[in-house]
Structures are given as C-alpha cells and as structure tokens.
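Down below is the structure, laid out as structure tokens.
Protein chains: 2
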Amino acid sequence: MHLRFSLNVNKHSTCTTGSSSLSFRSHTCGELRPADVGEEVILCGWVQYLRQDLFVIMRDFSGLAQILIPQDEVRLQVAVTFTISVTEMPTGEIEVLAESVEILNVCRKLPFEIKDFVKKSESLRMQYRYLDLRSSQMQYNLRLRSQLVMKMREYLCNVHGFVDVETPTLFKRTPGGAKEFVVPSREPGRFYSLPQSPQQFKQLLMVAGIDRYFQLARCYRDEGSKPDRQPEFTQVDIEMSFVDQAGIRGLIEGLVQYSWPVEKDPVSTPFPCITYEKAMKDYGVDKPDTRFAMKLMDISKTFHNTEIEFLKDALNQPGGCIQAICIPDGAVIFFVIFLYFFPKEVSVVLVKADGALKSSLNRLMPASAKQQLLQMAQARPGDLLLISAGTQECRPLLGKLRLQCAELLEGSGVAVRDPSAFHFLWVVDFPLFLPKEEDPDQLESAHHPFTAPLPEDAHLLYSLPHKVRGQHYDLVLNGCEIGGGSIRIHKASDQQHVLETILKEDPSLLSHLLEALDSGAPPHGGIALGLDRFLSIIVGAPSIRDVIAFPKSFRGHDLMSRAPDFVSEDELKSYHISVNWPAGDEGNQEK
Amino acid sequence: MHLRFSLNVNKHSTCTTGSSSLSFRSHTCGELRPADVGEEVILCGWVQYLRQDLFVIMRDFSGLAQILIPQDEVRLQVAVTFTISVTEMPTGEIEVLAESVEILNVCRKLPFEIKDFVKKSESLRMQYRYLDLRSSQMQYNLRLRSQLVMKMREYLCNVHGFVDVETPTLFKRTPGGAKEFVVPSREPGRFYSLPQSPQQFKQLLMVAGIDRYFQLARCYRDEGSKPDRQPEFTQVDIEMSFVDQAGIRGLIEGLVQYSWPVEKDPVSTPFPCITYEKAMKDYGVDKPDTRFAMKLMDISKTFHNTEIEFLKDALNQPGGCIQAICIPDGAVIFFVIFLYFFPKEVSVVLVKADGALKSSLNRLMPASAKQQLLQMAQARPGDLLLISAGTQECRPLLGKLRLQCAELLEGSGVAVRDPSAFHFLWVVDFPLFLPKEEDPDQLESAHHPFTAPLPEDAHLLYSLPHKVRGQHYDLVLNGCEIGGGSIRIHKASDQQHVLETILKEDPSLLSHLLEALDSGAPPHGGIALGLDRFLSIIVGAPSIRDVIAFPKSFRGHDLMSRAPDFVSEDELKSYHISVNWPAGDEGNQEK
C-alpha cells in the first residue's frame, strides 16, 4: 500500500528557481545532503515502504529519503504491509525526523509494485502507463528526452539563428499518400489528411524567406501493425536556405554534439561519410552498423575455374559474383546457424582447428582454391565463412546474415559490439530513382520527388535519369537510420520534369509547390531526425515505446483509454460519413 | 520582377554561429555596418528592385542592402522593371560593390509585390501565403513567436525544472466531445479523436510522478465557421504537483515577464486579481478590459420611488436592479449608437452642456432623481449614461455596450485605451457549476469537471453544489481571455461524486482517470495559455491568422493547397467508411 505523504505543507517553498520553486516542498528527496543538517525541510512524495515500523522511505522523482516517524504517529504504522531491505541511498548519510505529517491522498492496491526489479508484461505497462512511468528508467528516459530537446532548441535557435515555426497537421492528402490518416470535415466528401512530414511546408517556408526553419514536428503514419512503429511520432525537422550538403551535415554534427547527454562519452565530429555504393559493397545494407567489421568480400577470383556447378552458373551470368563474410570465432554458432535461420542460398564453411574446412563445398574444391579462400578472407581456425553466389542481390542477404551472426555471437557470450559505443555515419550519393517493384520499366523516387541531383549528374536528369545520384544523405547510428534529408530541387522547371516526365505523376496536384518554386525559391536543403528512434538508441531501450510517454500498442491501440473506440452513427452525421460494417460484424458496434 | 541573387557563392561562410553560419553567405543584408568597410562579404537574397540601372537593392529576412553593379554586368539590367524611391535603410551609410554575381533562380510575375505598403485581400494572402510571409510584419510576427516560445521554454525547463512531455493527439473521444475531429482507423467503426487539449494526459502525468510538466501542445477544435478561430491551435500547457493557486499564478507571472519582448515596456507583477463576482459587478463580463474605466454602477436607489413603469417592474422582481454606465464625452457618439446597435432594453441619457438631460426618461423623472442620478454616476456635461433594468442579467448587456462604446469613441477620435498598454488580470472564484441552458435544473461544469472546489466551499459539494466556487483562474489580457486553469480534484471519490451525482455523467467513460486518481494522485493544478491569441495581442494583429504561418480560412480551408479535399471511395475503403452525399450533391465529388 502506498500513502501520499508530505511534511509541513502549511507553508510555501522559499525557492525561487529549481525543482521546488513555487511548490509546497522546500527540497526534493534526492537533493538532501549533509549540508542540510539542522534545516527544517518540507518534502512531498510517495511512501515507498515502511521499515521497522519506524521509518518511512519516501520517494519522489529525484530519489528516496528515509524519514524517522515519532512513535505517536500511529496512522502510518497501519500502512506497513511489507518490509524489504534497503539498497544504498545517495542520501543514506542523513536522517530526516518528521515533525508533522500530512496524508494528501490514499492509494488502492496497485496492479504492480513501483519497484524497478518488478517485471511487468508490456500490456499491463501500457494499461497502467501512469504507474509504469513512475519507474526510475522511464523517469530517466522522459527527463532525458526533455533535456536533449531543450539543448537542441538552444543550439538551433540561440546558436544558429533558426526560427521555430509550427506547420499545420490538418492538410491536403498527398498524391498516393496511402499511409496518411484522413480526417472528415463538415463538408460532404471532403477530408483533411494528417501529413507524414512537413515536407511541403518546410520548402514553402524557404520560399517565404524564413531562411532557417526548425520544428519538433508531430508526424503521422498509418501503417497498420508494424513492429516498433507508432501511428504518431516526432521528428526534428530542419530546413535552410543558401546551403549545401556539407552545411547541413555540419549543422547536424554540431547539433548532436551540443545536445549529447553529459553522462555519456562525448561524440567526436565530423562523422564518417560513405557512399551508398560503398555501404552496399562492404555491408550489404544502406545503413551499416559500423561498430564491428565482418565486411563483405568479393571472392569470385577463388572460384574462377571452379567445377562447382552453382558457383560456375553464378559467375557466368552478367554481373555475377561470389561474396563472402568471415565471422571471427564463428565456430561457436556453427550449429545454431543451421538450427535457426540458415538460408539455403548460402554456403557455410567452418575453418577447423587444424585449418581444414568443414563444408559441403569441401569435396569439390582443390587445395589451392581452399588456400586462396582462407587467404582472401583472412580466416583463421575457429572462424566461419558464409558464401553466397549470384548477382549483386546476394549482398543484402549477406548483410542481413552479418547482423544476425553478430547477435548470435553476442548471445553465445562473444563480444562483438561495445554496448556503450555510438557509431554515427553519413551515407550519401544514393540513386535518385529506383525501378518500381511492380513495373521495373517505370522509375520511382528513392526517397521523395523533391531531392536535387548531384551537380555532376544533373545533366543526366534529361537523358539517363536512372543513372542520376541524388543529393540525399542519411544519418545512421549503430546500424539504424535516425535521419535523412537532401538538398532540394529549387527550380520549378526541374521539379516539373521530375514529376511529370520521369515519375509520370500529375503535377497539378502539387501546383502550389511548383508555383512557389517559380516565385524565386532560394537553393535550400534540410533534414529530419527521428527523435523517438534516436532517443531509444541513446538510452538503450528495446523499443521506441520506452521513450514516448503514452505510446500506442503494436496494433495502434491506447490500452489505457481504449482508443480507437466506437462512435455513434449520430456523431458521424455532421461529417457525412457512415461505417461500412463487414458482414456479421455490426453487433460489435455496441460493445 | 525578382531575381535571386548572391555574390561569390563559391566559398563557404566562415561564421560558426549566428544567422550566416554554415551558409553560402558571410553576412545578412541587415547586419552590414561601417565596420565592415573593406571586407569581402557574401550576400544571398532577393532582388527587391533596381535603381538607376546601377544599384541592386537586395533583400533578405534581416533587411535591405544597396549594391553597386559594375557596368559590364548586363544581365541584371534586363531585370529593371520599376524604380521607386528608397526609404531610409539602416545600412544606408555604406555601399556594397559587386565583384561577382550569381543568379540562383528566376521569378515569374508575382500576384502581388512584396512591399509592405501593397494592400492585398485576405484570400490572396492565404492563397500565396509563401509570398505573404515575406512581408516585414509577418517575418517579425513569426520570428517573435519563435523567440518568445524559446524564452518560455528556458524559463520552464532551465529555471523551474519543468519536463517537456509530448502527449498523443490520436486519442479516444471525450464523452460529449462534440467539437472533436474524428479519425477513422483500419478497424471497422473505431475512430480516434483529435483532443481539444491534453487535459487527461497532463493529470495522468502528475499521477505518474512527472511532477512538473509542460508542452507546447497542438490542440484541435471543430467548431465549423467561427470568426478568428482555427481548427488547430497551440497552447502552452502546464501542470504541477504539490502546488496551490498562488504557486501557478506566480509561475505564469514569471513566465510572461521572462518571455516578454525586450522592445516592449516591461511587465510588472504580480498581476491584479479580482473575483468573478466583482468582474461581473463592475464590468458585466468575466474578462474585463481594464485599460479603461466606465464601470457598471447600481443606480437602483435613484429610482426607489420611481413612477416609470418598466423600472418599477424591474425593481419589484426578486434580485431586480437598475444598472448604468457613464460614458465620458459620450455625446459624440450619441447618434451613432442609435444608428448602429442600440438595444431597446437600454435607456440612453445624454447630459447636455447645460446639465439638463436628453432622454425618453426625462419627462418622468423628478428633479431630485435627476440630480441623484448625475451624482451617483459622476456624470458631467457631454457624458452619456446607458441605463438597463432587470435582474443581474442586465449586466452582460451593459458590459457589451461598454466595449462597443469604447470602440465607437475611438472611431470618433476620442482616446479611450492606450494601444501600447498591456493590462494583465487574474479572474478567480468562478462558480464551479452552472445551470444547463436547456435544462436549468441540471448542473454543468462552468469549465471542466476536473476543477477542485475552493477549500472553504468543499463541504457544499455534497449539499449545495450550485453554491460551490471552484479553484479556477483565468488570465485576461486587454479584455481577452488568454489562459485558464485550475487546481484539480485529486481524490477519486470527489471526482466520482462530481461526475456521477452532480453532472449525471457515466463515470465508466473516464474510468482510467478515476483509477489513476485512486493510485495515489498528488495534489496538482495547471493552466493552459492560448499562444496564438497571446501573440496576436502582443504584436497588435487584428487576427490570430497573423501569428500562424499557414492558417486556415474562416471556413477552415487551406486556400493554398485546397484542403480539405475530395478523397476517392477507394481510398476510404481501408477505413470502412463511405460518404453520405446529400441529395443532388454527388456530382460534386469529382470536382
């Protein structure tokens, strides 16, 4: 049982600043220090537990304080329901003697105890989020988020003269914006849309001469159920005029450095920068985790004259190659790999203690090839080689295996990645367009249609658009994309060409943007950082839900209030919509 | 015609901070000073106009700079389409000689010129908002907004230890929340709702031990067409634990003082504070404009023995009274009042130069009554008296006339209110409940059901709820309510009583909040400031649209992008809704 508890609430705090200003209390529990001995203090907080019927251990957001209760204070003794051993407290040196006590509220039996070691199911945490947030980890996460965001604002506003501008979230549906929530208006058939990002507005602000814009922008994405995604999320949204890629990258490096939590090792800048091509070649992925090596290698040479049928076939096709990764000490996961996830397109080679190979390929490889393979891969006894043959598509497969093997190794106790390391990386020079999956003769934007081409590729936009690289940059942290942006097209004619001729989209849907570009748009570019993801990596949280105060469940539900919920037909009338109930489901409505 | 324009864009700015850091430019136009003479500078901006075929007047957000163009630079001379006289520039003392020029973009003929003196219609401004925002007034408004908000954050976070927490905007519909937009989900019949404020979340955060919460919160209100309202708006949302009214009021006074624009006269604190009762008695309104007097007076005594029928009737009814306001120098609007808006329930008395009265009541008033009237009202020749008789309901009528007369007087050139004055005022001790308009035997919350009663009235909650005053406080500035808040009910049993017994609402709809209060909720209270309104008063804007980057029109439309817009039936399928077209309107759909 928890009791709300405070000492001497009849007078006000004399603090004029800090966490106790304007409050009933004079101090927080966690800030009591030997220097306060002899002072009369007022504390407000929760009874964490009672100890020996004599002490109340009181908790507030800042920590614990042990308070000696005079023996005539009977009421509190009733509250003793458990006594547990006390972990060392930062204020353990001093003792607080209660002079008066006021019980401000009482507490029902809680569904779980507010103790950090008490494990709760995810759904229970979500249902009673207001209790879950009392945990020291969640308090840390939310308070760190606030501090980090404050530092970001100081850096952008005060150091670099950015203007914080709020943009609308009730907007017009983007052409093809399948992931946008719709919001019915009171005009029949007309809907607002909740935008996935303020992309159009930030560019319009550049045309408007705002010059340096930023916003902590709430964004919306209706993706149904995707793991660790939220229907609403927050991005640090930035746009600048008269700037190039290097300018934006420098700004962001400074931003990260400035706002980085003081308790972590400082971040050094500039961040390494690699091209998309190099990332794919070395890591098989466009957001490489560079905390460990295990890079992809082209070992085609080794099998130049091979008799092994599928390798020969692979090498004979256009662009064919044989790729490998070497997993140091991979022997420990040799069997696990086969058990769990081993794809049949990949051959596994174990380098035994005596240097011999254990593999299905072994029998078909001449000794010289084996020797060459070990040399090329710099493989030593105990290592594991994963080999894949095909075109360049075999790289993403190995890239995925690389990450899975790192996890398996760590699960087996082999240190692969330093959990306290933060590896930032820029990935640049992405292709501007990619073939559409459903119709490879058509092109679609690799990121979005507003990205400008690299200056040296700009001439190809009108001749060989599939060859054009864009001025897009991704910021990657420990193998997660935490941000992305680009220098934008700022000439209306280029934008029109991209929309109409290359992407075959109806440019009239973006006529306001085209008109704006045609009104003297400055060269401009920007970036958006995924704040939730960034924070979850900093605090080492398994999910972005752990850095959001009131997140939705996997299925997009608020388990506390039970949103989304049914709305009566009557309430929908003013929006001129009605629900199409699937056959047999109508009964659900009344719930 | 406007040309984008810069000098020497081939090298980067060497500034590491400020508005030119990381940019192509080295200086902004407005910051060039005699001390820069001899320096090579890089400017980026718009060609405002050309002068004598020799000078380019260049504009960026910071101001203008005059640049001398060498005679061989022919291209620019083509751009001369108008020459107008130059107003004095802050940098007028120095001259910039162009060494090189790069034209970054060209510009079509604009729908209006970017000159402050060019008057544009509201709809044209909205349609080309990205041009409208280039005006110096809109630049000032948006930049002031950013700075003011930054100072507010510094005050709350850095000075008082508040935590900036983001709360969801996809939430559950509030019982009776007729003004909430609905957002269909992918589950048939289930809708999210866009909340009007984070009220529930801020209280839950107090239960969660966040202790001091704030947020610049985006809020939503679907009110159809109301003048100078926006479907989405921003409030400075604040909540604190272990605090009383005085604590919150002190916090807000400090907040306003800290964030107040330096170019304005400083704000003095504490703000005056009056009760709701006194406000209604003196001003006939709960948000009085205290920049001028013209207070309401009870002149019942004067007509104690009157023969005038309707006054006698008024005084004979329970609570009957006769109220008046005296308008100094009101003679100048005597005829206008009758022309424009004069309500027949009000009698007008003009005090003529000779002290005689001109009024329909004149004939029926004995000389002694006239004398008493002039004395009570302290009316002098040239003043106007407005008299209304009835119950207390006649006060709001006079309160409204008081404001209308002030406007009329100002329109006639009589100084009533100092346009540079900012009068802050707290209004407190509101009734907690009011009789429902449609059923006066039922009570409804005067503000919202979470407001705590005044401690001295708390015992009445269970006996005479209509007599209970609440711990609600409104912040009023120059007669506009710019904020409101309260100390909340923090005991579940009291909250349940208010919801169930007094308001006859189904408490199960707020079961999560009741459960939360029952989990040891601390005493807490908070406030929300309407940021848009507050800013519009500070900058003297006629509408909140002038402090919002991309506002909606009166009818809730985005005239630039044409939102809300039609969405195909197909796109609505995944949300299981269809449009109910009003008869004969279906053809509209394809637009």
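Protein chains in written order, with our numbering: chain A, 1 to 591; chain B, 1001 to 1591. Cβ atoms here follow ideal geometry from the backbone N, Cα and C, with glycine treated the same way. Computed from a predicted structure; not experimentally measured.
Which one of B:Gln1127, B:Gly1399, B:Thr1302 and B:Leu1510 has the shortest CA to CA distance from B:Val1346? B:Gly1399
For a test of the three-state rule: what should DSSP assign to B:Glu1410, helix, strand or coil? helix
Evaluate B:His1557 with the Cβ neighbour count: other Cβ atoms within 10 Å of its Cβ, from every protein chain shown; 16 or more gives buried, anything less gives exposed. buried
Residues of chain A with a CB under 7 Å from the CB of B:Glu1166: which are they? Thr234 and Ala549
Closer than 9 Å, Cβ to Cβ, to anything on chain B: give me those residues from the region 481-492 of chain A, in chain order. His490, Lys491 and Ala492
Quick one: give me the first and last residue of the alpha helix (DSSP H) that A:Tyr130 is part of. Arg129 to Asp132
Would you list, in chain order, the members of the region 558-583 of chain A that have their beta-carbon closer than 9 Å to a beta-carbon of chain B? Asp558, Met560, Ser561, Arg562, Ala563, Pro564, Asp565, Phe566, Val567, Glu571, Leu572, Lys573, Ser574, Tyr575, His576, Ile577, Ser578, Val579, Asn580, Trp581 and Pro582
Contact check, A:Thr275 vs A:His423, beta carbons under 9 Å: no
Name the residues in the region 165-189 of chain A whose C-beta lies less than 8 Å from a C-beta of chain B; which are they? Val165, Glu166, Thr167, Pro168, Thr169, Leu170, Phe171, Lys172, Arg173, Ala178, Phe181, Val182, Val183, Pro184, Ser185, Arg186, Glu187, Pro188 and Gly189
Check each candidate in A:Gln137, A:Glu500 and A:Ile527 and name the one with the smallest Cα separation from A:Leu514. A:Glu500
Does the distance from the C-beta atom of A:Leu170 to that of A:Tyr192 stay below 9 Å? yes
Smallest Cα separation from A:Phe334: which of A:Leu205, A:Thr14 and A:Pro381? A:Pro381
Using a C-beta to C-beta distance shorter than 7 Å, which residues of chain B count as neighbours of A:His512? Met1560 and Ser1561
Is there at least one Cβ from chain B nearer than 9 Å to A:Gln404's Cβ? no
Would B:Ser1020 be called buried (16 or more neighbouring beta carbons within 10 Å of its own) or exposed? buried
In this structure, how does DSSP classify B:Ile1325 when only helix, strand and coil are distinguished? strand
Going along chain B in order, which residues have a C-beta closer than 7 Å to the C-beta of A:Arg221? Ordered by position in chain B, no residue passes the 7 Å Cβ test against A:Arg221, which lies about 11 Å from the chain.
Report all residues from its chain with a CB closer than 6 Å to the CB of B:Cys1405; omit the five preceding and five following residues, and keep chain order. Ile1327
Residues bridged to B:Leu1386 (per DSSP): B:Ile1325 and B:Val1348
Over what stretch of residues does the alpha helix (DSSP H) that includes A:Ala369 continue unbroken? Ala367 to Ala377
In angstroms, rounded to a whole number, what distance separates the CA positions of A:Pro288 and A:Gly479? 5 Å
Using the C-alpha atoms, what's the distance from B:Ser1268 back to B:Arg1417? 19 Å
Please classify B:His1576: does DSSP put it in a helix, a strand, or coil? coil
A:Met240 lies in the beta strand (DSSP E); which residues open and close that run? Glu232 to Ser241
Between the region 519-535 of chain A and chain B, which residues of the former have a C-beta closer than 8 Å to a C-beta of the latter? Ser519, Gly520, Ala521, Pro522 and Pro523
Mind listing which residues of the region 1132-1165 of chain B have their C-beta closer than 9 Å to chain A's C-betas, in chain order? Asp1132, Leu1133, Arg1134, Met1138, Gln1139, Leu1142, Arg1143, Arg1145, Ser1146, Gln1147, Val1149, Met1150, Arg1153, Glu1154, Cys1157, Asn1158, Val1159, His1160, Gly1161, Phe1162, Val1163, Asp1164 and Val1165
A:Leu97: buried (16+ other C-beta within 10 angstroms of its C-beta) or exposed? exposed
Residue interval of the alpha helix (DSSP H) (run including A:His512): Ser511 to Leu517
Chain A residues whose Cβ lies nearer than 9 Å to that of B:Trp1046: Gly209, Gly520 and Pro522
Neighbouring residues, chain A, relative to B:Leu1251 (Cβ below 9 Å): Ser21 and Leu22
Whole-angstrom distance between B:Gly1530 and B:Ala1065, CA atom to CA atom: 38 Å
Which of the three DSSP states is assigned to A:Arg4 in this structure? Since pLDDT at A:Arg4 reaches only 34, below the 50 mark, its modelled position is unreliable, and no value is offered.
For a test of the three-state rule: what should DSSP assign to B:Pro1184, helix, strand or coil? strand
In chain A, what lies closer than 9 Å to B:Arg1025 by C-beta? Phe242
CB-CB under 8 Å to B:Leu1296, same chain, minus the five flanking residues each way: which ones, in chain order? Lys1281, Asp1282, Tyr1283, Gly1284, Gln1323, Ala1324, Ile1325, Arg1395, Leu1398, Gly1399 and Arg1402
Tell me whether the region 1346-1358 of chain B and the region 1367-1383 of chain B touch, counting them as touching only if at least three CB pairs, one residue from each stretch, are closer than 8 Å. yes
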